[in-house]
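Shown next, in the form of structure tokens:
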């Protein structure tokens, strides 16, 4: 595999009218690498994902795929170039079957001309195979409704779907945010599996622990700009948390809350806005 | 008859039938039919009974199908209630007043429906107005326009038109003196919508829209186009019924048609479509329509007070929603055992 990043942002700005949401964002991900994008709520993560996924066009700056500057005309275009996004809730439809979910927007058909028919058997077979390959062995029936799956399984289904449709860049938007400990571990394992298969993964989260488990490379986003950019092992968990909180000393804050609670019968301090 | 097809297509195991969303609607239909058959006797079981409820079912059914698809995709269409009289008035004015050929009137009427659907679709996709409110708005606007233009052009709220023999035969005749030809059009529409929703790949998109519009958009589905297409389909369905009414009754009225709003929604909900979108089926809508029509007409055969019919419909609606939820929960919690 070459050293050219699969996807790269070069000094990307994005503004909605007078509001600057992203400011001079530069980042790159190589194949078989996991980039963790950390940021608190409102840091511009969603806008960044949408820019990568082709939903928004950057106001300034360039998006490079395989080292070549491209203009993504929409989500479909991004998908054609192998950029797949999996959203927080998996982007799945609870009242539809596993097979139909798996092939949403890319339905396999049989038959001719205007009488093309959705190939349910094929859809179900492929969906179950691909999900099992990712290590989810509990899904054996493609007719099962996705609403009956656990949150982790839904995420895994969405990731397996992206991999099957030739994704080379996998953008995961807070895949572990709404999950329990066990389910989150499940998803992290699948992120590792995707990485092993040579995908470039962009993992968006505000859970530092999850990021540190799978990440090779980290970028912290604060108010639309990259505040820190470092590789695995260069920063501690506390340092990253502090960075995400906008440089405030979170550890110090925690200590002061604990101190207050000790002297006030376990009640936390009243919050006063600055 | 119709349920057989779906069962065959999906394997005939008992478990898979019980989990099908149509099961509740089928049971509902059978219960209601047996109830009225017992009260209505031989007349209700014979051709006069069947023709009476099938005629009602066909009219509301042609509208309920696209309204149901819209509901599956997460939208409501209230404007059908004024599209029916608007399109029949358009056809009657074009043919009856200006004496243009029947085809012009039919196309004119249908384009009223398509246009209202297009406007609905544009409002819903371009603004943040919920479809319920948007289509109530267009309903009143169309109602006003119909009344205003009819009075302006014809000076009356009713326009008569005697269609030629072929048109009458195709759109407004009674087969065997009893069965309105609309029944056959309705069956045709059922086949088309069944193919579209359950067999063609586009059906997936309709469900996805109702399930999670944002995800559907991210999956590259042209959500706005699908929504606009569905609104135009419901406008078309309502306009079709309006035109069939002119051809049948040889006159168009400005009022009338309001009953289609709630009736179509009731047929759809009794048929197992989820009000919030994302689930439903054409067979269910078909069964829901049949149930509605049986109650609606069975009352007269059973010589019960018509008000009892309204009570039954109301109760049916509530039971349908409850049982739909139960069946859905069953389907969701179902996990296959290791083979």
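Residue numbers (the numbering used here), protein chains in the order written: chain A, 228 to 501; chain B, 2 to 340.
Note that beta-carbon positions come from the ideal geometry of N, C-alpha and C, so glycine has one too.
| Asked | Found |
| --- | --- |
| CB of residue 73 of chain B within 7 Å of CB of residue 238 of chain B, strictly | no |
| Euclidean distance between Cα positions of residue 244 of chain A and residue 282 of chain A | 16 Å |
| The beta strand (DSSP E) enclosing residue 492 of chain A, as first and last residue numbers | Residue 492 of chain A -> no beta strand (DSSP E), and no H or E assigned at all. |
| Rounded Cβ spacing between residue 311 of chain A and residue 256 of chain A (contact assumed at less than 8 Å) | Not quite, the Cβ-Cβ distance comes to about 13 Å (not below 8 Å), so this is no contact. |
| Inter-stretch contact (C-beta, 8 Å, three-pair minimum) for the region 400-420 of chain A and the region 343-354 of chain A | no |
| For residue 240 of chain A, the first and last residue of its enclosing beta strand (DSSP E) | 234-243 |
| Partners in chain A for residue 258 of chain B, counting only beta-carbon separations shorter than 8 Å | Result: empty, since nearest Cβ-Cβ is about 32 Å, beyond 8 Å. |
| Opposing strand residues paired with residue 263 of chain A [DSSP bridges] | A/430 and A/445 |
| Every unbroken beta strand (DSSP E) within the region 350-428 of chain A, with a cutoff of 3 residues, ordered by chain | 396-400 |
| Inter-residue CB distance, residue 309 of chain A and residue 231 of chain A (contact presumed, cutoff 8 Å) | Rounded, the Cβ-Cβ distance is 14 Å, inconsistent with contact. |
| For residue 458 of chain A, the three-state DSSP class (helix, strand or coil) | strand |
| Residue 225 of chain B, enclosing alpha helix (DSSP H) - first and last residue | 224-250 |
| For residue 312 of chain A, the three-state DSSP class (helix, strand or coil) | strand |
| C-beta neighbour in chain B for residue 339 of chain A, strict 7 Å | no |
| Local conformation of residue 165 of chain B per DSSP, three classes | coil |
| Chain-ordered neighbours of residue 209 of chain B on chain A, where CB pairs are closer than 9 Å | 320, 323, 327, 328, 331 and 332 |
| Contacts around residue 148 of chain B, its chain only, beta-carbon distance under 6 Å, and the 5 residues preceding and following it disregarded | 255 |
| Partner residues on chain B for residue 428 of chain A, Cβ-Cβ distance less than 8 Å | Correct list: empty, because the minimum Cβ distance to chain B is about 18 Å. |
| Residue 315 of chain B classed as buried or exposed, judged by whether at least 16 other C-beta atoms fall within 10 angstroms | exposed |
| Three-state class that DSSP yields for residue 9 of chain B in the structure shown | For residue 9 of chain B, the pLDDT reaches just 39, beneath the cut-off of 50, and the residue's location in the model is therefore unreliable, leaving the point undetermined. |
| Within 7 Å of chain D by C-beta, residues of the region 346-377 of chain A in sequence order | Among the protein chains of the structure shown, namely A and B, there is no chain D. |
| Listed by chain order, chain B residues near residue 314 of chain A by CB distance under 7 Å | 216 and 219 |
| Classification of residue 326 of chain B by the beta-carbon crowding that lies within 10 angstroms, buried from 16 upward | exposed |
| Inter-stretch contact (C-beta, 8 Å, three-pair minimum) for the region 146-161 of chain B and the region 25-38 of chain B | no |
| Interface partners of residue 234 of chain B on chain A, CB under 9 Å | Going along chain A, no residue has its Cβ under 9 Å from residue 234 of chain B, so there is no contact; the nearest lies around 17 Å. |
| C-alpha gap between residue 438 of chain A and residue 277 of chain A, whole angstroms | 20 Å |
| Short CB-CB distance (under 7 Å) between residue 306 of chain A and chain B | yes |
| Where residue 280 of chain A sits in the DSSP three-state scheme | coil |
| Amino acids of chain A, ordered along the chain, whose beta-carbon sits closer than 8 Å to that of residue 279 of chain B | 320, 321, 322 and 323 |
| Residue 191 of chain B vs residue 276 of chain B beta-carbon contact at 7 Å | no |
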